[in-house]
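K.L.:
So that we are looking at the same thing, I have put the structure below in C-alpha cells.
Numbering (this note's numbering), first residue to last: 4 to 81.
Next up, the structure:
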C-alpha cells in the first residue's frame, strides 16, 4: 500500500521477489588526477582545474548497474 501527501492510496503487488541488499559496494582501483590549466584570457591570472577520476565497483549481492562520484556540484557517472 502506498499513500501520498494528499492521502490518496494505491495497493499494488509484485509477482517476483524483492531483493534487499545489506552490504555496501566495494570500490577498487580509485585513481584521481588534477590538472591545472592557465585560462589567462583577461590578464587576471585565472586558472581552472580539470579532475579526472576512474574507479572499479562491484557488489556481489545486488549486481549494481552503475556508480556515481560527485565533487561539489559535478556528478560523474561510470
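Where is the CB? At the ideal position from N, CA and C, for every residue including glycine. Since we're looking at a predicted model, the values are computed, not measured.
Taking 6 Å as the limit between beta carbons, can you name the residues of its chain near residue 37, skipping five residues before and five after?
P.N.:
If we look at residue 37 and ignore the five residues flanking it on each side, its Cβ neighbours are 52 and 54.
K.L.:
Check whether the Cβ atoms of residue 21 and residue 62 sit closer than 8 Å, and answer yes or no.
P.N.:
Going by C-beta atoms, residue 21 is not nearer than 8 Å to residue 62.
K.L.:
Would you kindly report the start and end of the unbroken beta strand (DSSP E) that includes residue 54?
P.N.:
Start and end: 50 to 61.
K.L.:
Leaving out five residues on either side along the sequence, give the residues of the same chain with a beta carbon under 7 Å from the beta carbon of residue 14.
P.N.:
Same-chain partners within the cutoff: 4.
K.L.:
Classify residue 67 as helix, strand or coil using the three-state DSSP reduction.
P.N.:
Note: residue 67 maps to coil in three-state DSSP.
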